[in-house]
Amino acid sequence: TRYRLLAAGCVSPATGGGWVLRDGLPETDLLMLYLAAVVVASFRLPRAASLATALLAVAAFNFFFTHPGFTFRFSERRYLLTFAGLGARGIVVCTLAARARERAAVAARRETEARALFALGRALAAAADGVAIAAVGAAHVQEVLQAPAVVWRVDAAGAWAAPAPPDPADAAKARWVLAPGRPAGPG
């Protein structure tokens, strides 16, 4: 229902403009109004709403601007090609716009990952010793994953070293992971 309303919101101005200009413009120019509505919908709305706009544009053109008027019937066969052309162009534009949005989202995510890796590399390069490296690693994991992180170290004597007094439950999990070499946690 929401997509139908969004589609109607895009097609209505094209229909209104076409109705006002119908006596002064040929049908091909009226079609361009609908194609413009489909293009705007394709770049502004989700894919399903833009596809609905393309289909509604074909239906609105047929209903308001073909003979006999105010029906979904038409008297000339050439309108089949017109409807198919408008619908196909609308679907192509919707598909291309959706792909462009998906690629932009992937690029933004990759940029965020690259920035995080660059910041991590700079911070690790500035770390003076193992304790600083562990602190940097934990801080960056927390930032990226938005979850608490602690880096536990084992010194040369085999004793545990945590950056803060450990929670007993966390200490038990850390021993579980280190002793048999098995992973712990959900992933």
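Using the working numbering, the letters of the sequence shown correspond one by one to residues 91 to 277.
We put the CB at the ideal spot given by N, CA and C, even for glycine.
Segment limits, alpha helix (DSSP H) that includes residue i
{"i": "Q232", "result": "G220 to L235"}
{"i": "T91", "result": "Per DSSP, T91 belongs to no alpha helix (DSSP H) and is neither H nor E."}
{"i": "P258", "result": "P258 to L268"}
{"i": "A147", "result": "R137 to F155"}
Reduced DSSP secondary structure (H/G/I, E/B, other) of residue i
{"i": "A282", "result": "Residue 282 lies beyond the stretch modelled for the chain, which goes from 91 to 277, so this question has no answer here."}
{"i": "A217", "result": "coil"}
{"i": "W250", "result": "strand"}
{"i": "V244", "result": "strand"}
{"i": "T118", "result": "helix"}
{"i": "T161", "result": "coil"}
{"i": "P273", "result": "coil"}
{"i": "E166", "result": "coil"}
{"i": "A104", "result": "helix"}
{"i": "A206", "result": "helix"}
{"i": "R191", "result": "helix"}
{"i": "A178", "result": "helix"}
Cβ separation of residue i and residue j, assumed to be a contact under 8 Å, to the nearest whole Å
{"i": "V183", "j": "V129", "result": "6 Å"}
{"i": "F151", "j": "L121", "result": "6 Å"}
{"i": "W250", "j": "V241", "result": "Not really, about 12 Å apart at Cβ, beyond 8 Å."}
{"i": "A147", "j": "A127", "result": "6 Å"}
{"i": "Q232", "j": "A222", "result": "Q232 to A222, Cβ: 16 Å. No contact."}
Would you call the segment 129-140 and the segment 95-102 in contact, with 3 or more CB pairs under 8 Å?
-> yes
Kindly confirm or deny that the segment 225-238 and the segment 171-181 touch, where touching means at least three C-beta pairs closer than 8 Å.
-> no
Count the C-beta pairs between the segment 147-166 and the segment 198-211 that are closer than 8 Å, then say yes if the count reaches three, no if not.
-> no
Counting pairs of Cβ atoms below 8 Å between the segment 184-196 and the segment 137-152, do you hit three or more?
-> yes
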